[in-house]
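*Asks:* Counted from 1, the sequence shown has number 11 at position 12 by numbering that gives the first Met the number 0; the numbering is strictly sequential.
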Amino acid sequence: MFGLGPWELLVIFVVIIILFGPKRLPELARSLGRSIKEFKHASQGLKEELDLTNIDEPSIPESTANPAEKTQKKDQETASAKNDQ
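#1: Please report the distance separating the alpha-carbon of L27 from that of S34.
#2: What did DSSP end up calling G2 once you bin it into helix, strand or coil?
#3: Would you please state the rounded distance, in angstroms, between the beta carbons of L24 and I16? I believe it to be under 8 Å.
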C-alpha cells in the first residue's frame, strides 16, 4: 500500500485524529466514501461514452480507403492493355 508500513500508517492515523478530532472522523469518512463513489460513477460514465463513440464512427470502405492505389491499378491495366495491342 504505497510502501507504507504499519508504523507509518499509525502515525498518519494519529495525526488525522489530532487534526480533526474523533467526533469529525465519521463525517470525514462518509464524505470520502461519497467522493470515491461519485468519482467511480463519473469514470464509468466516461468509459461508456468513449465506447459508444468508438462504435458510432463509420468505417471507411476499402474501395475509398486509398483512392491513389485504385488509380494506380487502373493506370497499370490501361498500360498493359496498350502493350497487348
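Where a beta carbon is used, it is the ideal one built from N, C-alpha and C, also for glycine.
*Replies:* Result, derived from the coordinates:
#1: The alpha-carbon atoms of L27 and S34 are separated by roughly 10 Å.
#2: coil
#3: 7 Å
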